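Everything on this sheet refers to the single structure shown next.
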Amino acid sequence: MSNPTAAMLVIGDEILSGRTRDANMHYLAQEFTKHGIDLCEVRIVSDETSAIVAAVKALSEAFDYVVTSGGIGPTHDDITAPCVADAFGVAITVRDDARAILQAHYDRQGTELNEARLRMARIPDGAALIDNPVSAAPGFSLGNVHVMAGVPSVFQAMVSSVLPGLTGGQPLLSQTLRIERGEGDIAGPLSDLATRFDDLSIGSYPYQRNGVYGANVVIRGTDGGRIDAAMAELSALFPEAVAP
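Counting from 797, one number per residue, gives the positions in the sequence shown under this note's numbering.
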């Protein structure tokens, strides 16, 4: 059986403007790879209701799991929660359990749970809370969509909270060989190798270093024995190649 599939939806004008560099996709991809979940698509949308709703609908229908990042804070442009509720056709309200979590957190800090902070307790009907041990404000899961904060430390904590409950498959394994030849020289043999090992993913990633052209060839799959066999053939084709 194939592994479960997943998509990530990154939400925020600050990502699209280049003001903020997204780090969450890299982390999620690594964690899903170890858990045997295939991250197949990453989509970035602006802080616009129609764009978020459309993306949530499309991705939740196309993949087994969807993880969103960003837009669940206390400011006016944090609109992810109501957009997810809209995508699923459910109401959203300030929920008592989420309010209690925030109230306890701000009481410990000696800070007021004001109207802005209370926005982070808005949870769609039927959603389950995602624990946030870093800053208390919870994420939530609704259907196959898991809504998380954009701050990397909080996002990572929420992924750790959710991941044990997701059904995974076989972890994706990989091996790499560095070949100091141009891609035009290796393309033919690589194509033949990919045909013989069509159950594996064989990718070529070129570089230029000190005037030398080369490529890192990465072989990925879930069967370690097959990867070893493909790597042995690749090494025989290019005996000068080395592991990076």
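Built from N, CA and C at the ideal position, the CB exists for glycine as well. Source: prediction; values computed, not measured.
For residue i, the residue or residues it bridges with in DSSP
i	result
residue 950	None; residue 950 has no bridge partner.
residue 826	Answer is none; residue 826 lacks a bridge partner.
residue 1015	971, 998
residue 862	803, 941
residue 936	925, 943
residue 1004	1009
residue 888	920
residue 1038	974
For residue j and residue i, the rounded distance between their alpha carbons
i	j	result
residue 975	residue 1020	21 Å
residue 978	residue 948	37 Å
residue 957	residue 926	7 Å
residue 989	residue 1039	18 Å
residue 917	residue 898	7 Å
residue 837	residue 858	10 Å
residue 830	residue 1026	21 Å
residue 992	residue 835	25 Å
residue 1092	residue 906	Missing from the structure shown is residue 1092; the chain here goes from 797 to 1040 and no further.
residue 913	residue 880	19 Å
residue 1003	residue 854	36 Å
residue 903	residue 909	8 Å
residue 890	residue 911	11 Å
residue 828	residue 822	10 Å
residue 884	residue 817	29 Å
Terminal residues of the beta strand (DSSP E) in which residue i lies
i	result
residue 871	Note, residue 871: premise wrong, no beta strand (DSSP E); not H, not E.
residue 852	Unbroken run through residue 852 is the alpha helix (DSSP H), 845–858; no beta strand (DSSP E).
residue 880	No beta strand (DSSP E) holds residue 880; the alpha helix (DSSP H) holding it covers 876–884.
residue 835	834–841
residue 985	No beta strand (DSSP E) contains residue 985, which is instead part of the alpha helix (DSSP H) from 979–992.
residue 918	918–920
CB contact flag (residue i, residue j, <8 Å)
i	j	result
residue 867	residue 808	yes
residue 841	residue 825	no
residue 896	residue 888	no
residue 875	residue 848	yes
residue 805	residue 845	no
residue 1013	residue 963	no
residue 862	residue 945	no
residue 969	residue 1023	yes
residue 935	residue 928	yes
residue 967	residue 832	yes
residue 930	residue 950	yes
residue 986	residue 997	no
residue 953	residue 982	no
For residue i, the first and last residue of its enclosing alpha helix (DSSP H)
i	result
residue 914	911–914
residue 895	892–905
residue 1031	1020–1033
residue 809	809–812
Neighbour flag for residue i against chain C, beta carbons, 8 Å
i	result
residue 1014	Among the chains in the structure shown there is no chain C, since it carries only a single protein chain.
Exposed unless 16 or more other CB atoms sit within 10 angstroms - verdict on residue i
i	result
residue 1028	exposed
residue 820	buried
residue 856	buried
residue 1006	exposed
residue 843	buried
residue 882	buried
residue 1017	buried
residue 900	exposed
residue 799	buried
residue 994	exposed
residue 815	exposed
residue 893	exposed
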